[in-house]
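A.B. asks:
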Amino acid sequence: MSVAVACAIFLTATDRRRLKKVAWGHKSEYRQRVRAQIVLHAARGRSNAHIVRETGLHLDAVRRWRRRFAEQGLAGLRDRQRSGRPSSFTPLQAVEVKALACRLPAESGVPLSRWSCPELAREAVTRGSCVHEECG
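So this is what it looks like as structure tokens:
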């Protein structure tokens with residue numbers, strides 16, 4: 004049984020600077036920070052097993068981000084587009100329902116102290132913000 008060799012990572016000064024900013028930045032998303040740390044460890048010549056011990060991540064995650072960086076550079080660390088169910092609402096419908104939800108029901112003439120999901124959906128249908136099948 005052969006052992007897979009880890010992808011060698013070589014960083015430009017610009018990439019190293021960007022990765023350090025993400026890896027240690029307080030405003031960075033956690034998942035981006037972890038990915039940047041993996042690449043920085045790999046660029047120091049550390050093995051995947053060593054990175055796993057340092058970060059506490061799963062070996063598959065370390066392999067994935069190391070490989071994607073080796074193949075695509077910084078762009079490989081971004082989330083890929085995911086398939087999924089298309090949105091049921093137009094952006095305008097979503098804004099209208101959110102605006103309604105942010106107001107007290109009494110302002111709309113509904114005798115409630117707060118909105119429940121069914122009551123909010125009913126009011127959105129009444130106002131024409133969406134049709135019954137979308138909201139209900």
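Position 104, counted from 1, in the sequence shown is what the numbering used here calls 107; the numbers after and before it change by one each time, with no gaps.
Each residue gets a CB set at the ideal place from its N, CA and C atoms; glycine is no exception.
Any chance you could list the alpha helix (DSSP H) runs of at least 4 consecutive residues sitting entirely within the segment 102 to 134, in chain order?
C.D. replies: Counting whole runs of 4 or more residues, the segment 102 to 134 contains the alpha helix (DSSP H) stretches 120 to 130.
A.B. asks: For residue 74, I'd like the list of residues in its chain whose CB is within less than 6 Å of its CB, leaving aside the five on either flank, ordered along the chain.
C.D. replies: Mapped onto the sequence shown, residue 74 falls at position 71. Cβ within range, chain order: n/a, list empty.
A.B. asks: For residue 57, which residues of its own chain have a beta-carbon under 7 Å away from its beta-carbon, when the five flanking residues on both sides are left out?
C.D. replies: Start at 1 with the first residue of the sequence shown, and residue 57 comes out as number 54. Hits under 7 Å: 44.
A.B. asks: Is the number of C-beta pairs between the segment 36 to 51 and the segment 59 to 71 that are closer than 8 Å three or more?
C.D. replies: Touching, yes, given that three or more Cβ pairs across the two stretches are closer than 8 Å.
A.B. asks: Take residue 108 and list the residues in its own chain whose beta-carbon comes closer than 6 Å to its own, dropping the five residues that flank it on each side.
C.D. replies: Walking along the sequence shown from the start, residue 108 turns up at place 105. Cβ neighbours of residue 108 beyond the five flanking positions: 115, 118.
A.B. asks: What distance in whole Å lies between the Cβ atoms of residue 72 and residue 133, which are believed to be in contact at a cut-off of 8 Å?
C.D. replies: In the sequence shown, the residue the question calls residue 133 occupies position 130. In the sequence shown, the residue the question calls residue 72 occupies position 69. Going by Cβ atoms, the distance from residue 133 to residue 72 rounds to 43 Å, so no, they are not a contact pair.
A.B. asks: For residue 19 and residue 80, I'd like the C-alpha separation in whole angstroms.
C.D. replies: By 1-based counting over the sequence shown, the position of residue 19 is 16. By 1-based counting over the sequence shown, the position of residue 80 is 77. Taking the straight line joining both Cα atoms gives about 14 Å.
A.B. asks: Measure the alpha-carbon distance for residue 69 versus residue 10 and round it to whole angstroms.
C.D. replies: Your numbering for residue 69 matches position 66 in the sequence shown. Your numbering for residue 10 matches position 7 in the sequence shown. Cα to Cα, residue 69 sits roughly 7 Å from residue 10.
A.B. asks: Between which two residues does the alpha helix (DSSP H) harbouring residue 34 extend?
C.D. replies: Stepping through the sequence shown from its first residue, residue 34 is reached at position 31. Where residue 34 is concerned, the enclosing alpha helix (DSSP H) stretches over 33 to 46.
A.B. asks: In chain order, what residues of the same chain lie with their CB nearer than 8 Å to the CB of residue 61, ignoring the 5 residues before and after it?
C.D. replies: Within the sequence shown, the letter at position 58 stands for residue 61. For residue 61, where only same-chain residues beyond five positions count, the Cβ hits under 8 Å are 55.
A.B. asks: Using a 10 Å radius around the Cβ and a threshold of 16 neighbouring Cβ atoms, would you call residue 37 buried or exposed?
C.D. replies: On the sequence shown, residue 37 is found 34 positions in, with the first residue counted as 1. When all chains shown are included, residue 37 counts as buried.
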